[in-house]
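Q: Dropping a structure here in structure tokens format, bear with me for questions.
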Amino acid sequence: MTTNSPSAPAGAGSGQTEVAVLGGGCFWCIEAVYQRLPGVKSVTSGYAGGHVANPTYEQVCRGDTGHAEVARIEFDPTVLSYEKLLEVFFEAHDPTTMNRQGADEGTQYRSVIFYLNEAQQKGAARAKIAAQAKWDDPIITEVQPLTHFYAAEDYHQDYYNQHPNQGYCSYVIRPKVKKLQDKGVISKDK
């Protein structure tokens, strides 16, 4: 699946959705967080920001393609604003570390917001400024236009929910999700 344009603008009560594409470390983590945020309709793990068409997970992990692991988040803007979506983004990962989240290291784990239009570009810039007040170190999150999004292989989709007892899920994702649930940032329900 590729996409390079946002969905139609939403109107109040229209039932239309908007799309955001965010990278903040492993896409399994970002996916698990946003699946628990009220107003999110769907989350797809994938790749963006690289120079190779239709990259594979192995290529991205080797750093051969320039892609970041990202989540494509479809949301209802009458329930969840883009601004709130980005507040959660800056809570859900460390935006001050270059190409790293915890033990995950490489350019594919960079902190990045891919904007789909001018409003998202401006919203991302404002969100970075607002989030900086919560961090001692400078936020290094990239803000780039989305040119292409490639859905990751099927086995990466809904990963945490399908494999909650897998090692990475138990020791990395579960504590992150629990911390955000305890803070009231995301729902305790899937």
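Residue numbers for the sequence shown follow our numbering, beginning at 2 and rising by one.
Backbone N, C-alpha and C fix where the C-beta goes; we use that ideal spot for every residue, glycine too.
According to DSSP, is Ile140 part of a helix, a strand, or is it coil?
A: As a first step, residue 140 must be located in the sequence shown, where it is residue number 139. Residue state, collapsed to three classes: coil.
Q: According to DSSP, simplified to helix, strand and coil, what is Gly25?
A: Position 24 of the sequence shown, counting from 1, holds the residue named residue 25. DSSP places Gly25 in strand when its eight states are reduced to three.
Q: Between Tyr156 and Thr79, what straight-line distance do the alpha-carbon atoms span, to the nearest angstrom?
A: Residue 156 sits at position 155 when you count from the first residue of the sequence shown. Residue 79 sits at position 78 when you count from the first residue of the sequence shown. Approximately 31 Å, taken between the alpha carbons.
Q: State the start and end residues of the unbroken alpha helix (DSSP H) segment that holds Ile130.
A: Within the sequence shown, numbered from 1, the residue matching residue 130 stands at position 129. Glu119 to Gln133 is the extent of the alpha helix (DSSP H) around Ile130.
Q: Of the residues Gly25, Val53, Val186 and Val89, which one's Cα is nearest the Cα of Gly107?
A: Start at 1 with the first residue of the sequence shown, and residue 107 comes out as number 106. Answer by Cα proximity: Gly25.
Q: Leaving out five residues before and five after Val53 in sequence, what residues of the same chain have Cβ atoms less than 8 Å from its Cβ?
A: If you number the sequence shown from 1, residue 53 lands on position 52. Counting only Cβ-Cβ distances below 8 Å, and skipping sequence neighbours, we find Gln60, Asp65, Thr66, Gly67 and His68.
Q: Assuming the contact rule is C-beta atoms closer than 8 Å, Val22 and Val71 should be a hit. Round their C-beta distance to whole Å, please.
A: The count along the sequence shown starts at 1 and reaches residue 22 at position 21. The count along the sequence shown starts at 1 and reaches residue 71 at position 70. About 5 Å; that satisfies the 8 Å criterion.
Q: Please classify Arg127 as buried or exposed, where buried requires at least 16 neighbouring CB atoms within 10 angstroms.
A: As a first step, residue 127 is located in the sequence shown; it is residue number 126 there, counting from the start. Burial call: exposed.
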